[in-house]
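In this note's numbering, the protein residues as written are 14 to 403. Ideal Cβ positions, reconstructed from N, Cα and C, are used throughout, including at glycine.
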């Protein structure tokens with residue numbers, strides 16, 4: 014209850030601060046960043062709380078269903094965000110800050126129904142989070158600005174982090190995590206799959222504006238349907254996985270992602286509707302992939318480590334997707350891949366086709382890692398039901 018309260022309160026304060034600071038006063042990039050930090054902190058805390066509760070208190074066969082509902086709600090919120098961004102692009106972007114503030118209205122209901130069990134009283138690993146956070150930030154800055162000093166800083170900080178977790182009494186992630194082959198291979202797979210997760214929106218905005226003379230709101234009116242598809246597949250993913258198994262469901266989801274990117278690359282000049290339909294295929298995979306992937310990774314950890322496991326999942330998804338969009342957006346900005354493409358596209362459109370093929374290659378790498386992981390872990394495809402869990 015305390016964790017959810019802190020999360021939603023941080024989200025609410027960040028939302029109100031972002032709106033007031035940029036509406037009543039001169040808009041400033043740093044106030045936007047500060048507000049987004051508070052919002053993101055709240056979002057991550059509240060989301061992780063849901064996953065921890067589902068992991069600790071539900072049977073394995075029910076976990077995949079609730080993981081699916083979690084990703085469905087995420088995709089639905091993304092749908093609202095894309096639609097709102099397109100709508101408000103002609104009004105005032107500051108109003109976007111107020112949408113997440115509405116979540117504070119459900120706090121009383123959450124406090125009433127959430128378990129009252131207290132934590133174990135352990136302290137938060139502030140040092141570990143700080144070192145790791147600065148390491149990731151340095152790596153992201155290096156990728157963004159190609160500053161060698163940032164790369165050196167990232168390497169040094171990651172080394173310090175490795176030494177720290179091996180010496181600290183209660184680090185937020187222990188060396189044992191990295192010795193767990195099932196968990197490590199699963200978290201690597203998660204990082205690969207979500208590497209292109211933030212790339213569709215900037216790519217489609219660029220394609221719509223450059224090739225089809227479309228406004229942001231027009232692009233959003235197409236893209237919003239892809240997020241609706243993701244929400245539908247996310248809602249159904251638990252039931253699908255319970256029928257076909259985690260491995261089969263995970264492979265099918267990655268194949269959807271792969272086919273979506275290939276379709277975008279091949280049909281880049283065939284009309285915006287054509288590539289929007291391919292985006293629907295891609296997001297069907299995104300909506301379906303989280304449930305079996307999270308279930309597989311968390312099943313490799315003891316229940317008492319589920320909190321750390323959920324936190325690491327969120328961390329890897331956020332970092333991987335952020336690094337991915339920085340890399341691909343940089344390529345888009347510099348038109349590095351324009352010229353020709355094996356899809357037959359040429360000129361500016363070839364750059365869009367080639368970057369879509371690069372994203373497809375990332376998905377293909379995910380399939381390779383998935384196959385290798387299955388070979389070394391020998392995990393069952395079925396979802397085991399623990400009778401002692403209620």
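Name the residue from 37, 14 and 187 whose alpha carbon lies nearest to the alpha carbon of residue 58.
-> 14
8 Å Cβ shell around residue 382 - same chain, five flanking residues per side excluded = 198, 201, 202 and 205
Please name the residue in 368, 83, 154 and 325 whose C-alpha comes closest to that of residue 213.
-> 368
Residue 258, DSSP secondary structure in three states = coil
Compute the Euclidean distance between the alpha carbons of residue 398 and residue 311, then round it to the nearest angstrom.
-> Because the pLDDT at residue 398 is just 43, under 50, the model does not fix this residue reliably, and the point stays unresolved.
Measure the alpha-carbon distance for residue 402 versus residue 317 and round it to whole angstroms.
-> The pLDDT assigned to residue 402 is 40, lower than 50, so where the model puts this residue is not dependable, and the model offers no usable value.
Could you tell me which residues DSSP puts in a beta bridge with residue 359?
-> 353
Terminal residues of the continuous alpha helix (DSSP H) containing residue 308?
-> 285 to 311
Which residue's Cα is closest to the Cα of residue 303: 87, 18, 340 and 370?
-> 87
In this structure, does DSSP put residue 1 in helix, strand or coil?
-> With the chain represented from 14 up to 403, any question about residue 1 goes unanswered, as that position is not in the structure.
Does DSSP put residue 207 in a helix, a strand or coil?
-> helix
When you compare each of 247, 354 and 53 to residue 263 by their alpha carbons, which one comes out closest?
-> 247
On the three-state DSSP scale, how would you describe residue 253?
-> helix
Buried or exposed (CB count within 10 angstroms, at least 16 for buried), residue 27 = buried
Nearest neighbour of residue 20, chosen from 93, 170, 123 and 78 [CA to CA] = 123
Close Cβ partners of residue 349 (< 6 Å) along its chain, the five nearest in sequence each way excluded = none
May I ask you to report which of helix, strand or coil DSSP gives residue 112?
-> coil
Is it buried or exposed for residue 183, if we count other Cβ within 10 angstroms and need 16 for buried?
-> exposed
Quick one: what's got a C-beta closer than 6 Å to residue 322's C-beta in the same chain, skipping five residues either side?
-> 311 and 314
What does a CB cutoff of less than 6 Å around residue 18 pick up in its chain, not counting 5 residues either side in sequence?
-> none
Closest by CA to residue 148, which one among 138, 156 and 174?
-> 174
With a 10 Å radius around its C-beta and 16 neighbouring C-beta atoms as the bar for buried, classify residue 297 as buried or exposed.
-> buried
Beta-carbon proximity of residue 110 to residue 60, cut-off 8 Å = no
Which two residues bound the contiguous alpha helix (DSSP H) that contains residue 321?
-> 319 to 347
Roughly how many angstroms lie between the CA atoms of residue 85 and residue 78, to the nearest whole one?
-> 10 Å
How close, in whole Å, do the beta carbons of residue 224 and residue 377 come, if the pair is a contact with beta carbons under 8 Å?
-> About 26 Å; that fails the 8 Å criterion.
Proximity winner among 218, 277, 241 and 243, relative to residue 231 (alpha-carbon distances) = 218
Residue 185: first and last residue of the uninterrupted alpha helix (DSSP H) it sits in = Looking at the DSSP string, residue 185 is not in any alpha helix (DSSP H), and its letter there is neither H nor E.
Tell me whether residue 127 sits in a helix, a strand or coil according to DSSP, three-state version.
-> coil
Write down the C-beta distance between residue 274 and residue 366 rounded to the nearest angstrom, noting that I regard them as a contact closer than 8 Å.
-> That pair is no contact at about 10 Å.
Decide yes or no for the touch test of the segment 282 to 290 against the segment 228 to 245: beta carbon pairs closer than 8 Å, at least 3 of them.
-> yes
Identify which residue in 196, 308 and 284 has its Cα closest to the Cα of residue 76.
-> 308
Alpha carbon to alpha carbon, what distance is there between residue 138 and residue 179?
-> 13 Å
Please confirm whether residue 243 and residue 299 have their CB atoms less than 8 Å apart.
-> yes
Would you check whether the ligand SAM has a heavy atom nearer than 7 Å to the C-beta of residue 326?
-> Questions concerning the ligand SAM fall outside what the structure shown contains, since it holds no ligand whatsoever.
Hey, out of 210, 319, 294 and 106, whose CA is closest to residue 340's CA?
-> 210
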